[in-house]
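What follows is one structure encoded as structure tokens, with my remarks underneath.
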Amino acid sequence: MDFKEKIRVIEDFPQPGVRFKDITTLLKDGKAFRAAIDTMADSLRDRKVDLVVGPEARGFVVGTPLAYALGVGFIPVRKSGKLPAETVEADYSLEYGKDQLAIHKDAIEPGQRVLIVDDLLATGGTVQATLNLVHRLQADVVGAAFVIELTYLKGREKLSGVDIFSLIQY
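Position one of the sequence shown corresponds to residue 295 (the numbering used here), numbered consecutively onward.
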């Protein structure tokens, strides 16, 4: 399946000059969404993942069904102040500002094999912060997976040493 055909590109959003890649058109097509998750799961199954970790919000949308397909648990990474138990936090830069992510301190056991999943790899800030959190919990990161990778923003370079899978590249 040509998954690029299922992605809507919106010009000048959220600011002039940006060509926003909208995955909602993929998500609403049940067959395409299932095929995307199945393709990702088939490509990642040999990594022997214990847990999938995904940052909010679209990391939840992609990470949860991928965790289900792999038969493993899902760990949410949320914006600071949104998780009820004790957390560890990491600051990060977005394409358009700064923010902070958090994960429950007891979410991952040391040595567990973790796959980080999000909808998009752009500049790498969100994933780098998620990677920082996972490392602070002493997990082994077996890779990072994305529906879309914007190769021209070179986010992959910020994640040196991490095996990266992307379903679609622009």
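Yeah, the Cβ is synthetic: ideal placement off N, Cα and C, and Gly gets one too.
Residue I442 holds the alpha-carbon nearest to the alpha-carbon of K300 among A361, I442, Q394 and F459.
Per DSSP, G311 lies in no alpha helix (DSSP H) segment and is marked neither H nor E. Of the residues R372, I304 and P308, the one whose Cα lies closest to the Cα of D316 is I304. A contact between stretches requires three or more CB pairs, one per stretch, nearer than 8 angstroms, and the stretch 369–385 fails this requirement with the stretch 447–458. For the beta strand (DSSP E) assignment, the uninterrupted runs of no fewer than 3 residues enclosed by the stretch 311–390 are, from N- to C-terminal side, 313–316, 345–349, 367–373 and 381–388. For the pair L415 and S387, the CB atoms are not nearer than the 8 angstroms cut-off. Annotation for L427: V371, V382, A384, L395 and I397 place their beta carbon closer than 7 angstroms to its own, counting only its chain and skipping 5 residues before and after.
For the 8 angstroms CB-CB criterion, I402 and I369 form a contact.
One alpha carbon belongs to T424, the other to T445, and they sit about 19 angstroms apart. Sequence-distant Cβ neighbours of R430 in its own chain, meaning closer than 8 angstroms and more than five residues away, are V382 and A384. When the five nearest sequence neighbours on each side are left out, the beta carbons in the same chain lying within less than 6 angstroms of the beta carbon of Q463 are those of E443 and T445, in order along the chain. In the structure shown, the three-state DSSP call for L461 is strand.
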